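According to this note's numbering, the sequence shown holds residues 6 to 178 in order.
Below: one structure, written as structure tokens.
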Amino acid sequence: MSLLNHVADQLASNQAAFAALFHGVWAAWSEWQPAPEAWSLRDVAGHLFDEERFDFRARLRLTLEDPNQPWPAIEPERWVIERRAAAITLQDAVAGFQAERSASIAWLRSLSDPPLLAAHDHHVGGQLVVRAGDLLSNWLAHDHLHLRQINELKYAWLVRSYPEWDVRYAGDW
Numbered sequence: 006m007s008l009l010n011h012v013a014d015q016l017a018s019n020q021a022a023f024a025a026l027f028h029g030v031w032a033a034w035s036e037w038q039p040a041p042e043a044w045s046l047r048d049v050a051g052h053l054f055d056e057e058r059f060d061f062r063a064r065l066r067l068t069l070e071d072p073n074q075p076w077p078a079i080e081p082e083r084w085v086i087e088r089r090a091a092a093i094t095l096q097d098a099v100a101g102f103q104a105e106r107s108a109s110i111a112w113l114r115s116l117s118d119p120p121l122l123a124a125h126d127h128h129v130g131g132q133l134v135v136r137a138g139d140l141l142s143n144w145l146a147h148d149h150l151h152l153r154q155i156n157e158l159k160y161a162w163l164v165r166s167y168p169e170w171d172v173r174y175a176g177d178w
């Protein structure tokens with residue numbers, strides 16, 4: 006199986022996993038942060054929506070079509086703060102992410118033998134050559150990082166919300 010097909014299939018599987026993990030999360034839970042600087046579930050969903058629109062698909066498309074064209078600037082941390090101020094709901098962020106992820110998967114599946122060695126010179130914190138295949142791998146890795154983050158937030162919420170109940174029987178976290 007090619008990297009392109011593997012990533013497209015896994016992004017589709019992860020799309021369903023994200024939907025399941027965000028399902029049934031009510032407003033107070035979605036906004037809870039384990040620390041003032043930490044992200045909430047709503048922040049994670051909004052970040053996924055932004056990354057799907059402005060980062061991976063956009064940058065991969067540019068790298069495949071014109072590797073010398075500058076990538077669009079992204080500011081994930083600033084966007085999280087702005088979204089909090091705008092009071093974007095978890096449901097809106099998840100719905101936006103789901104729509105964008107569907108568009109990404111359709112686009113990836115429309116590609117026929119793309120040049121995965123096409124490279125872009127990325128100049129943030131020094132020069133880094135990023136190939137199209139690197140972007141595909143990082144897109145999937147990014148999903149896995151945030152799937153882990155969502156589970157960590159849900160676990161922390163459980164422990165914090167019900168301190169009278171001992172969760173050690175479940176095993177070591």
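Every residue gets a Cβ at the ideal spot worked out from N, C-alpha and C, and that includes glycine.
No experiment lies behind these values; they were computed from the predicted model shown.
Residue i, DSSP secondary structure in three states
{"i": "Leu-150", "result": "helix"}
{"i": "Pro-41", "result": "coil"}
{"i": "Glu-80", "result": "coil"}
{"i": "Val-3", "result": "The requested residue 3 is not part of the displayed model; the chain covers only 6 to 178."}
{"i": "Ile-93", "result": "coil"}
{"i": "Asn-10", "result": "helix"}
{"i": "Ser-117", "result": "coil"}
{"i": "Asp-177", "result": "coil"}
{"i": "Asn-73", "result": "coil"}
Neighbour-count burial assignment, residue i, 16 or more Cβ in a 10 Å radius
{"i": "Val-172", "result": "exposed"}
{"i": "Ser-18", "result": "exposed"}
{"i": "Glu-57", "result": "buried"}
Sub-9 Å separation of residue i and residue j beta-carbons
{"i": "Ser-142", "j": "Leu-8", "result": "yes"}
{"i": "Ala-161", "j": "Pro-39", "result": "yes"}
{"i": "Phe-59", "j": "Ser-109", "result": "no"}
{"i": "Ala-63", "j": "Pro-77", "result": "yes"}
{"i": "Leu-158", "j": "Ser-45", "result": "yes"}
Cross-strand partners of residue i (DSSP beta bridge)
{"i": "Asp-126", "result": "Val-134"}
(Q) Check whether the region 43-53 and the region 20-30 are in contact - that is, three or more C-beta pairs closer than 8 Å. (A) By the criterion of at least three beta-carbon pairs nearer than 8 Å, the region 43-53 is in contact with the region 20-30.
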